[in-house]
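**Student:** Have a look at this one before I ask anything.
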Amino acid sequence: MKQLGFIFLIIIISVLVMVSHHSVSAGSRRLLPTKSYDQQQQDNNNNNNSLMKKKIQEEEEDMAKVLGLEECDKSDEACLRRRMVAEAHLDYIYTQHHKPMPEGFP
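Count the sequence shown with this note's numbering and you get residues 1401 to 1506, in order.
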């Protein structure tokens, strides 16, 4: 009976040592050096700035297309056609509610 108790005690101690070793190694992984809070904030700001610059550039390109400001070579017929349609569309938008003056109206 004493031998069985002794073996049981050794098994329990072995299991506890293995579990504690595993939890210590897992805990030490969390203590590895990471970026500081300021570095993480700076990285986030840099990412946000680059995304904002990209979005602004896309909006400026879209606005240039809408306003018919796209630069075209004389040989690029598709570009010239897009620009002409954009200009005609803008003319239509700005003149659709314009009513001509009746004749004889000063």
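Virtual Cβ for every residue (Gly too), placed ideally from N, Cα, C. If you're wondering where the values come from, they're calculated on a predicted model, not measured in any experiment.
1) Once DSSP output is grouped into helix, strand and coil, what is the label at ASP1476?
2) Mind reading off the beta-carbon distance from ALA1464 to GLU1458? Whole number of angstroms is fine, and I expect it under 8 Å.
3) Tell me the DSSP secondary structure of ASN1495 in three-state form.
4) How many Å lie between ARG1482 and LEU1490 at the Cα?
5) How is LEU1451 classed by DSSP in three states: helix, strand or coil?
6) If we ignore side chains and look at the alpha-carbon of each, how far apart do ASN1448 and SER1436 end up?
**Tutor:** Working from what's here:
1) The residue given as residue 1476 occupies position 76 in the sequence shown. Coil.
2) What you label residue 1464 is simply residue 64 of the sequence shown in a count that begins at 1. What you label residue 1458 is simply residue 58 of the sequence shown in a count that begins at 1. Incorrect: roughly 11 Å between the Cβ atoms, too far for contact.
3) Here residue 1495 is taken as the residue at index 95 of the sequence shown, counted from 1. Going by the sequence as given, residue 1495 is Thr instead of Asn. THR1495: helix per DSSP, three-state reduction.
4) Along the sequence shown, one-based indexing puts residue 1482 at 82. Along the sequence shown, one-based indexing puts residue 1490 at 90. Between ARG1482 and LEU1490, the C-alpha separation is close to 12 Å.
5) Indexing the sequence shown from 1 puts residue 1451 at position 51. Of the three classes helix, strand and coil, the one that applies to LEU1451 here is helix, per DSSP.
6) Residue 1448 sits at position 48 when you count from the first residue of the sequence shown. Residue 1436 sits at position 36 when you count from the first residue of the sequence shown. So the two alpha carbons sit approximately 18 Å from each other.
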